[in-house]
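In the working numbering, the protein residues as written are 368 to 529.
Written out below as structure tokens is the structure these notes cover.
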Amino acid sequence: VFAPGAEFGPAKRWPPAHFAQLANLLDRPAVLLGSAKEAVLCEEISRLAPGKCLNLAGKTALNEAFALIAGAHAVVSNDSGLMHVAAAFGVPQVALFGSSSPLHTPPLNDRARVLWLKDDPAYQPPLDCSPCFERECPLGHTRCLVDLTAGRVAAALLSSRP
């Protein structure tokens with residue numbers, strides 16, 4: 368399951384093209400979940416990864432989305448409500464943080480992998496601007512998420528699963 372939305376704003380959303388790249392790297396299709404407000408975002412991911420995604424954004428009731436997450440092999444999400452749902456169900460997950468901080472709102476799940484470039488000493492140049500806690504990147508680049516590659520997320524995803 369991919370949960371590519373974040374109601375707070377775009378500074379918390381990993382780019383749709385990156386979700387599509389990740390879908391293309393995986394050996395099974397990704398189910399895209401989100402609200403009706405995130406349907407266009409999920410449509411873009413589906414368009415960029417033809418045949419690799421099932422877009423259910425805006426098409427499920429909340430209890431149905433919860434059931435899909437509970438039964439998922441794994442979940443990839445931004446720092447969002449669905450991230451916390453996956454954590455509550457104990458599903459293997461990769462949680463992507465950009466403008467927010469996992470020090471404040473981490474997924475409370477022993478099977479969660481958190482990716483946050485601010486916390487990565489190998490990432491250069493350092494992200495002095497993160498976390499900014501802004502809805503939109505005040506510097507206009509959103510490097511905190513753009514520079515987080517699909518390959519890196521795929522590796523974290525594979526290591527989070529049993």
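Every residue, glycine too, gets a C-beta built ideally from N, C-alpha and C.
| Asked | Found |
| --- | --- |
| Measure the C-alpha to C-alpha separation of D486 and A454 and round it to an integer number of angstroms. | 21 Å |
| Go ahead and pull the three-state DSSP assignment for N430. | helix |
| Please return the same chain residues whose Cβ sits closer than 7 Å to the Cβ of F500, not counting the five positions on each side in sequence. | S466, S467 |
| Take L423 as the anchor and find which of L399, P377, A441, L392 has the nearest alpha-carbon. | L399 |
| For P474, which residues in the same chain have their Cβ closer than 8 Å to its Cβ, ignoring the five residues on either side in sequence? | M450, H451, A453, A454, Q460, A462, V481 |
| What do you reckon, are the CB atoms on A370 and I436 nearer than 9 Å? | yes |
| Since A403 and G425 are thought to touch, with beta carbons under 8 Å apart, how far apart are those beta carbons, to the nearest angstrom? | 3 Å |
| I need the DSSP call for R380, collapsed to helix, strand or coil. | coil |
| Taking N445 as the reference, give the member of V520, L525, S526 with the closest Cα. | V520 |
| Please state whether DSSP places A453 in a helix, a strand or coil. | helix |
| Between the Cα of V368 and those of P383, V458, V442, S526, spot the shortest distance and give me the residue it belongs to. | V442 |
| With which residues is V461 paired in a DSSP beta bridge? | V443, R480 |
| Between L494 and L484, is the Cβ-Cβ spacing less than 9 Å? | yes |
| Please return the same chain residues whose Cβ sits closer than 7 Å to the Cβ of C496, not counting the five positions on each side in sequence. | L506 |
| By how many angstroms is the C-alpha of P498 removed from the C-alpha of S526? | 25 Å |
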